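K.L.:
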Amino acid sequence: SQQGEEDPQALSIQEGENATMNCSYKTSINNLQWYRQNSGRGLVHLILIRSNEREKHSGRLRVTLDTSKKSSSLLITASRAADTASYFCATDGRSSNTGKLIFGQGTTLQVKP
Amino acid sequence: DSGVTQTPKHLITATGQRVTLRCSPRSGDLSVYWYQQSLDQGLQFLIQYYNGEERAKGNILERFSAQQFPDLHSELNLSSLELGDSALYFCASSDRDGIYNEQFFGPGTRLTVL
């Protein structure tokens, strides 16, 4: 079963707008990661946030983590057509202590030029 | 390009058959992970190997098996194939075991079972 659930399932915005995706998970975690997948291709790692961190930035990406609510959000600012992709959150599950990742169902983002 | 290679890119086979998917991790990476992506199940972790040893197991069917060889490449064997095994199979690698590891994904093998 999936650890994470993402919201919304699909998002369509205009170029230049911001896109926000949310992820909720069920069990305690050591870290949460966000990945991007262009249509039918391999996933690309975007950012990793540890359970003791609340916010992290990477370029136009901002990730927040609220462990009390078991949720995370990914904000993409000033979106571009090239940001069109599916975005997945992934968690490790605190009991795991391995690199095993449990993925959410993903948010499909369409950025219109 | 992630540096992870997977072969073949596409595979079409019949029910009941057996196939082998191959993965070469990034140079220097010791951990290899296999994931299955299907429309109904999403992205599911199958199995992880670290430096030749099985490290973690997920929702991997008994009909499926994997191994990591001394040169660190890995193979995923799928046998007695069923229609429901049709999916994208991804391999990923990371430089070490444990948590806090960014994983680098290969382009995937698309398996179609007819």
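Each protein sequence line maps, in turn, to chains G and W.
When we follow the working numbering, the leftmost residue of the first sequence carries the number 956, and every step to the right adds one.
When we follow the working numbering, the leftmost residue of the second sequence carries the number 49, and every step to the right adds one.
Yeah, the Cβ is synthetic: ideal placement off N, Cα and C, and Gly gets one too.
Please read all numbers here as calculations on a predicted model, not as lab measurements.
1) If you measure between the beta carbons of E1008 (chain G) and R1017 (chain G), is that distance less than 8 Å?
2) Tell me where the beta strand (DSSP E) around I1004 (chain G) begins and ends.
3) As an exercise, report each continuous beta strand (DSSP E) stretch of at least 3 residues that is fully enclosed by the stretch 1007–1051 of chain G, in chain order.
4) For the candidate residues G:L1029, G:S1013 and G:F1058, whose alpha-carbon lies nearest to that of L1020 (chain G)?
5) Note down the Cα distance separating T1039 (chain G) from K1067 (chain G), rounded to an integer number of angstroms.
6) Nearest-angstrom Cα distance between Q964 (chain G) and I1004 (chain G)?
7) Tell me, which residues are paired with V67 (chain W) by DSSP?
8) Would you identify the three-state DSSP class for D143 (chain W), choosing helix, strand or coil?
9) Among W:V52, W:Y83, W:Q89 and W:K57, which residue has its Cα nearest to the Cα of Q96 (chain W)?
10) Is there a C-beta anywhere in chain G that falls below 8 Å from the one on R74 (chain W)?
11) Which of the three DSSP states is assigned to G156 (chain W) in this structure?
12) Can you find the residues in the same chain that come closer than 6 Å, C-beta to C-beta, to F112 (chain W), ignoring five residues on each side of it along the sequence?
13) Quick one: is D88 (chain W) buried, meaning 16 or more other Cβ sit within 10 Å of its Cβ, or exposed?
P.N.:
Taking the coordinates as given:
1) no
2) L998 to R1005
3) 1010–1013, 1016–1021, 1026–1031 and 1040–1046
4) G:L1029
5) 8 Å
6) 22 Å
7) W:L126
8) coil
9) W:Y83
10) no
11) coil
12) L126
13) exposed
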